[in-house]
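Q:
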Amino acid sequence: MKLFLSTDFEGTSGIVAWEQIIEGQAEYAQGRVLLTNEVNAVIAGAQEAGADEFVVNDAHSFMRNLHPQDLLGNATLISGRHKPLYMMEGLDSSFDGALFVSYHGSIGAERAILSHTYNPRAIWEVRLNGEIVGESGINALVAAHYGVPIILVSGDEVTARELASQCRLQASARGSQPRCAEYSDHAPALL
Amino acid sequence: MQNIQTMRPPSFERPVSLEVTFLVADMADMACWVRNVERLATRTIAIRDENLLDLYRSFVAVILLTRALVDTH
Numbered sequence: 001m002k003l004f005l006s007t008d009f010e011g012t013s014g015i016v017a018w019e020q021i022i023e024g025q026a027e028y029a030q031g032r033v034l035l036t037n038e039v040n041a042v043i044a045g046a047q048e049a050g051a052d053e054f055v056v057n058d059a060h061s062f063m064r065n066l067h068p069q070d071l072l073g074n075a076t077l078i079s080g081r082h083k084p085l086y087m088m089e090g091l092d093s094s095f096d097g098a099l100f101v102s103y104h105g106s107i108g109a110e111r112a113i114l115s116h117t118y119n120p121r122a123i124w125e126v127r128l129n130g131e132i133v134g135e136s137g138i139n140a141l142v143a144a145h146y147g148v149p150i151i152l153v154s155g156d157e158v159t160a161r162e163l164a165s166q167c168r169l170q171a172s173a174r175g176s177q178p179r180c181a182e183y184s185d186h187a188p189a190l191l
Numbered sequence: 192m193q194n195i196q197t198m199r200p201p202s203f204e205r206p207v208s209l210e211v212t213f214l215v216a217d218m219a220d221m222a223c224w225v226r227n228v229e230r231l232a233t234r235t236i237a238i239r240d241e242n243l244l245d246l247y248r249s250f251v252a253v254i255l256l257t258r259a260l261v262d263t264h
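Protein chains in written order, with this note's numbering: chain A, 1 to 191; chain B, 192 to 264.
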């Protein structure tokens with residue numbers, strides 16, 4: 001079973017501040033540890049379920065947050081920002097499933113962690129067929145093109161809810177409410 | 192994972208329309224440099240396509256272009 005992982009950062013368990021996810025900031029090293037552990041938890045779980053081939057596309061900011069030697073599953077890592085399919089680079093029709101790991105809700109979404117849509121310094125809002133959409137919904141366009149099901153979304157609860165609403169996914173979202181507002185820790189929501 | 196064989200890919204009503212509202216008008220100006228981008232309002236553009244991959248690629252081009260206005264490295 002061959003799986004594609006698009007990995008963001010903000011929706012990682014334990015991430016609560018921009019300083020943890022931006023290169024050069026004081027807490028970035030710690031954030032990297034949390035992200036790597038979360039990605040590996042997904043890979044390990046998928047391996048237990050029978051997956052044996054993994055492509056991980058680092059999809060956050062400059063897209064060099066993960067180190068290939070730290071990933072489980074003998075995963076192929078796609079690093080760097082200048083990619084034609086950006087957050088979905090590497091996906092094609094050969095994959096059995098796509099996984100959105102450490103994603104977050106759209107800019108302005110209530111109770112989303114560190115919310116933004118692609119570029120917080122440029123984009124105010126994105127609508128897909130008239131409805132406000134986040135990165136998960138936009139990126140789902142590529143999965144739809146290649147006919148690949150999105151089998152897992154991890155991140156804040158808003159992410160899963162937005163994606164399910166936006167593109168008629170058949171599964172239902174499960175997750176936990178964050179204890180506070182957008183700058184608190186949270187449990188991952190699974191689709 | 193146990194149900195992966197029964198899971199279906201996401202689907203969208205086509206043609207799909209992506210409307211992007213930027214923080215400032217300069218970004219919308221720049222976005223219109225990309226083919227198939229339509230200006231809707233001072234800060235808002237739209238990309239419409241039947242082909243979802245082409246639509247996403249146009250969106251990425253818009254993102255990377257407008258990053259040039261705000262990114263410092």
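Every residue gets a Cβ at the ideal spot worked out from N, C-alpha and C, and that includes glycine.
All values reported here derive from a predicted model rather than from experimental measurement.
Tell me where the alpha helix (DSSP H) around N242/B begins and ends.
A: Element bounds for N242/B: n/a, residue is neither H nor E.
Q: Closer than 7 Å, Cβ to Cβ, to anything on chain A: give me those residues from the segment 218-231 of chain B, in chain order.
A: From the segment 218-231 of chain B, only M218 have a Cβ closer than 7 Å to chain A.
Q: So does the segment 232-244 of chain B actually touch the segment 100-115 of chain A, counting three or more Cβ pairs closer than 8 Å?
A: Contact fails: fewer than three Cβ-Cβ distances are below 8 Å.
Q: Could you name the residues of the same chain whose beta carbon sits closer than 8 Å to that of Q170/A, not counting the 5 residues immediately before and after it, in chain order?
A: Here the model assigns Q170/A a pLDDT of 39, short of 50, so the residue's position is not dependable and the matter cannot be decided.
Q: Does the segment 31-51 of chain A come within contact of the segment 110-129 of chain A, defined as at least 3 CB pairs closer than 8 Å?
A: Contact between the segment 31-51 of chain A and the segment 110-129 of chain A is absent, because fewer than three Cβ pairs lie under 8 Å.
Q: Could you work out which residues of chain A lie near E241/B, taking near to mean beta carbons separated by less than 8 Å?
A: Simply none; closest approach about 11 Å.
Q: Under 8 Å, with one C-beta from each stretch per pair, do the segment 79-87 of chain A and the segment 53-64 of chain A reach the 3-pair mark?
A: Yes: the two stretches touch, three or more of their Cβ pairs being nearer than 8 Å.
Q: Note the first and the last residue of the continuous beta strand (DSSP E) segment covering I123/A.
A: Segment 123-128, the beta strand (DSSP E) holding I123/A.
Q: Exposed or buried, which one is L35/A when buried takes at least 16 other CB atoms within 10 Å?
A: By the neighbour-count rule (16 or more Cβ atoms within 10 Å), L35/A is buried.
Q: Counting C-beta neighbours from all protein chains within 10 Å, is the total for H67/A 16 or more, i.e. buried, or is it exposed?
A: Its Cβ having fewer than 16 others within 10 Å, H67/A is exposed.
Q: Taking 7 Å as the limit between beta carbons, can you name the residues of its chain near M218/B, skipping five residues before and five after?
A: Closer than 7 Å at Cβ, skipping near neighbours: T257, L260.
Q: What's the gap between the Cα of F250/B and the Cα of A140/A?
A: F250/B and A140/A: Cα-Cα distance of roughly 13 Å.
Q: With a 10 Å radius around its C-beta and 16 neighbouring C-beta atoms as the bar for buried, classify L231/B as buried or exposed.
A: So L231/B ends up on the exposed side.
Q: Drop a sphere of 10 angstroms on the beta-carbon of Q196/B, count the other beta-carbons inside from all chains shown, and report buried for 16 or more, exposed for fewer.
A: Classification for Q196/B: exposed.
Q: So does the segment 95-105 of chain A actually touch the segment 145-157 of chain A, counting three or more Cβ pairs closer than 8 Å?
A: Touching, yes, given that three or more Cβ pairs across the two stretches are closer than 8 Å.
Q: Where in the segment 36-120 of chain A do unbroken runs of the beta strand (DSSP E), each at least 3 residues long, occur, reported from the N-terminal end onward?
A: You should have 53-58, 76-78, 97-103.
Q: Report the option in A51/A, A26/A, V133/A whose CA atom is closest to the CA atom of S106/A.
A: Among A51/A, A26/A, V133/A, the Cα nearest to that of S106/A belongs to V133/A.
Q: Closer than 8 Å, CB to CB, is G108/A near chain B or not?
A: By this cut-off, G108/A is not an interface position.
Q: Inspect the beta-carbon positions of D92/A and A59/A and report whether they are closer than 8 Å.
A: Cβ atoms of D92/A and A59/A: not closer than 8 Å.
Q: Quick one: what does DSSP say R199/B is sitting in, helix, strand or coil?
A: Coil, per DSSP.
Q: For T159/A, count the other beta carbons within 10 Å of its own beta carbon; 16 or more makes it buried, fewer makes it exposed. Which is it?
A: T159/A should be labelled buried.
Q: For a cutoff of 8 Å on Cβ pairs, would you count I150/A as touching chain B?
A: Taking Cβ atoms only, chain B reaches closer than 8 Å to I150/A, which makes this a yes.
Q: Whose Cβ in chain A lies nearer than 9 Å to the Cβ of C208/B?
A: The sequence given here has Ser at residue 208/B, not Cys. The contacting residues are R127, L128, N129, G130.
Q: Given that I238/B touches chain A, what residues does it touch there, using C-beta distances under 8 Å?
A: The premise fails here: I238/B is roughly 10 Å from chain A at the closest Cβ pair, so nothing lies under 8 Å.
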